[in-house]
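J.: Residue numbers (the numbering used here): 369 to 1064. Quick one: the structure is below, and I'll ask about it shortly.
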């Protein structure tokens, strides 16, 4: 007989069950379907934006890698006899390190498709020695499935027993790509798997986080590789987060002179963020929107924390999930084509849930008394009103973003930028309140009334260029209106020559009179309006045109009835999950593990300790009762007393606990030391020092 180990079935998470826990109206299935469809569309667009953003810099890197070893031949190295340097691309990626993983994985795929299947990527955490670095390089190159066909006999088996040296790589490369001494079958295999990438594809090695590598490891690795540059075509790609000067800080002149470096600059993360905001949030294609507080919080996390667009997208994804999870009628946040069918199929409980929304209650209070009764009691009338109000929000979105871009263009060059320099800043102001009633907007309008002719015409031309062809019907005449204004500005000189009247104003005669009469006459003259030139009249007319346009379409979304269905503004939830205070979170987890584990076994009264709690929580609560120095033996005895059941509790076991309990205690103390609650002390070897006070 024997026992056979097998891998158990992985327990899958049922999204339906997760939604059911908060479902009160039976709409979880509809909400889940709308959420999945909406996120799939958004995620697809994000992938397209990322590809478009990095396409140029990736093309430049591909061109560099292809041209680095065009004259390479096996056996003879390069044709010229100049001192050989390793072609190196200094790829400056920016400080948004959370985004680098996705960027480099895409770069590896691109290089394998267009340059060479021989691509290896190295990370500092895996390369703490030269041996580990060489092992990581050879493993990725030898076990690359792109190199081998189904009947290839050269697939290596276990690479752990292989000698980790560059000579091994040289022998393998020459054996694989030396087609002069290979069989016809092997030449056919090599030709079929190379995708026309050349007879001798280069070996591209990427260093994802160059600044984090140990200097001596990096120096030795480069020196070793340089000795073999004549036998194998090596290309380095340095991933640099800060600047190229980091290379010179890590490498002495003797090592850096072995590299032939060329700088490549990745697009800044702010450019990618603007693309995501402009084409995901500021568009009518996707009904879901962020409220003012959540939008500003995600922007602040990006600007003041990590510059990571990936984390911004994760925040957007979490906001969508929480919106559809907590709002029972969020399935109405759909496209305008599906809107009427979804509203018609609403159940009485769902209609009542929509009636409870604060924006709809305010709308009903503003209706005539006769209509109020129907809106509150007649579901059929209420559903018809829902369709009208929800379509109005869709129409509002289609009008909002073209006009908002015009506002940004008009105010972007005003000194000190009262409404913000970026489009996202103007959009954030719009989400908070009616932007046209703010003092900053009024200041911008006054400054625009003093704009020169050339500047104003340039602004009009930019506004005209920003308007696309797919404008809503109400804005279809806007491009022609702007064209008409531009034509009038071009012909303003002719109007000036023809219509400028002669100065017929009577001059002010200062006759001898008393002071009171003179002051009165001067006040009357001051009240007379200065006669405007034709350009000033046209300029005021243009600014008034834009002012009325902005006041009509740039209303605050929170003033619209039923805006809660489309806008998510649970600022506290986002902050608690994405930007929580580490100290308070750790304290809550250690003192009340039930808060996060959601299990009944850990639920207890504040201050009490139960044996079912995690070991670190028990050790943490016991250490709160101690003074500055904690005796490890006393702490261990208290720990054993808590975790041992009453049946197993005896004096001998407390004094001499078994090895398993000791190991659990040591691990808990080590974890508390890692979190910064205790540390070893030289005052007493069998004590530890407590580092935190005041219940934390």
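Glycine included, every Cβ here is placed at the ideal spot set by N, Cα and C.
For the putative contact between residue 1056 and residue 1000, defined by C-beta atoms under 8 Å, what is the C-beta separation to the nearest angstrom?
T.: Rounded, the Cβ-Cβ distance is 6 Å, consistent with contact.
J.: Assign residue 587 to buried or exposed, taking buried as 16 or more other Cβ atoms, counted over all protein chains shown, within 10 Å of its Cβ.
T.: buried
J.: If you draw a straight line from the alpha carbon of residue 492 to that of residue 583, how long is it in whole angstroms?
T.: Straight-line Cα distance between these residues: approximately 11 Å.
J.: Report the rounded CA-to-CA distance for residue 1051 versus residue 1045, giving the unit in angstroms.
T.: 18 Å
J.: Distance, Cα to Cα, residue 743 vs residue 732?
T.: 7 Å
J.: Suppose the cutoff is 7 Å on Cβ atoms and the five residues either side in sequence are ignored; what does the same chain contact list for residue 701 look like?
T.: 402, 655, 656, 933 and 934
J.: Tell me whether residue 418 is buried or exposed, calling it buried when 16 or more other Cβ atoms sit within 10 Å of its Cβ.
T.: buried
J.: Could you tell me if residue 505 is buried or exposed, where buried requires 16 or more neighbouring beta carbons within 10 angstroms of its beta carbon?
T.: buried
J.: Give the range of the beta strand (DSSP E) segment to which residue 608 is assigned.
T.: 602–608
J.: Are the beta-carbon atoms belonging to residue 931 and residue 761 less than 8 Å from one another?
T.: yes
J.: Where do the ends of the beta strand (DSSP E) carrying residue 630 lie?
T.: 627–633
J.: Note the first and the last residue of the continuous alpha helix (DSSP H) segment covering residue 723.
T.: 716–723
J.: DSSP state of residue 482, grouped into three classes?
T.: helix
J.: Are the stretch 595–615 and the stretch 427–441 in contact at 8 Å, needing three or more beta carbon pairs?
T.: Contact holds: three or more Cβ-Cβ distances are below 8 Å.
J.: Closer than 8 Å by C-beta to residue 596: which residues in its own chain qualify, once you throw out the five before and the five after it? Chain order, please.
T.: Excluding five sequence positions before and after residue 596, the CB atoms of its chain that fall closer than 8 Å to its own CB belong to 534, 535, 537, 538 and 602, given in chain order.
J.: Can you give the Cα-Cα distance for residue 751 and residue 713, rounded to whole angstroms?
T.: 9 Å
J.: Exposed or buried, what is residue 416 when buried is set at 16 or more other beta-carbons lying within 10 Å of its beta-carbon?
T.: Burial call: exposed.
J.: Residue 824 to residue 424, Cα distance in whole Å?
T.: 34 Å
J.: By how many angstroms is the C-alpha of residue 768 removed from the C-alpha of residue 651?
T.: 9 Å
J.: Apart from the five residues on each side of it in sequence, which residues of its chain come closer than 7 Å, Cβ to Cβ, to residue 1047?
T.: 1041, 1056, 1057 and 1059
J.: Roughly how many angstroms lie between the CA atoms of residue 873 and residue 905, to the nearest whole one?
T.: The predicted position of residue 873 is uncertain, since its pLDDT is 47 and thus under 50; a value taken from the coordinates is nonetheless stated next. Approximately 19 Å, taken between the alpha carbons.
J.: Are the beta-carbon atoms belonging to residue 918 and residue 804 less than 8 Å from one another?
T.: yes
J.: Could you tell me which residues DSSP puts in a beta bridge with residue 657?
T.: Partner(s): 935.
J.: Check whether the stretch 603–619 and the stretch 566–581 touch, using three or more Cβ-Cβ pairs below 8 Å as the test.
T.: yes
J.: How is residue 1055 classed by DSSP in three states: helix, strand or coil?
T.: strand
J.: DSSP on residue 455, reduced to helix/strand/coil?
T.: strand
J.: Tell me, which residues are paired with residue 488 by DSSP?
T.: Paired residues: 573.
J.: Can you list, in chain order, the residues of its chain with a C-beta nearer than 7 Å to that of residue 770? Leave out the 5 residues immediately preceding and following it.
T.: Once the five neighbours on either side are set aside, the close Cβ partners of residue 770 are 835, 839 and 843.
J.: Helix, strand or coil: how does DSSP classify residue 968 here?
T.: helix
J.: Going by CA-CA distance only, name the one from 817, 855, 570 and 944 that's closest to residue 430.
T.: 570
J.: So which of 711, 667 and 400 has the shortest CA-CA distance to residue 747?
T.: Nearest C-alpha to residue 747: 711.
J.: Spell out the partners DSSP gives residue 460 in its beta bridges.
T.: 608 and 633
J.: Compare the Cα-Cα distances from residue 611 to each of 1010, 912, 633 and 622 and report the closest residue.
T.: 633
J.: If I measure Cβ to Cβ from residue 793 and keep anything under 6 Å in the same chain, skipping five residues before and after, which residues do I get?
T.: none
J.: Could you check the C-alpha separation between residue 1053 and residue 1037 for me, to the nearest Å?
T.: 15 Å
J.: Identify, in the order they occur along the chain, each residue of the same chain with its Cβ nearer than 6 Å to the Cβ of residue 956, setting aside the five sequence neighbours on each side.
T.: 963
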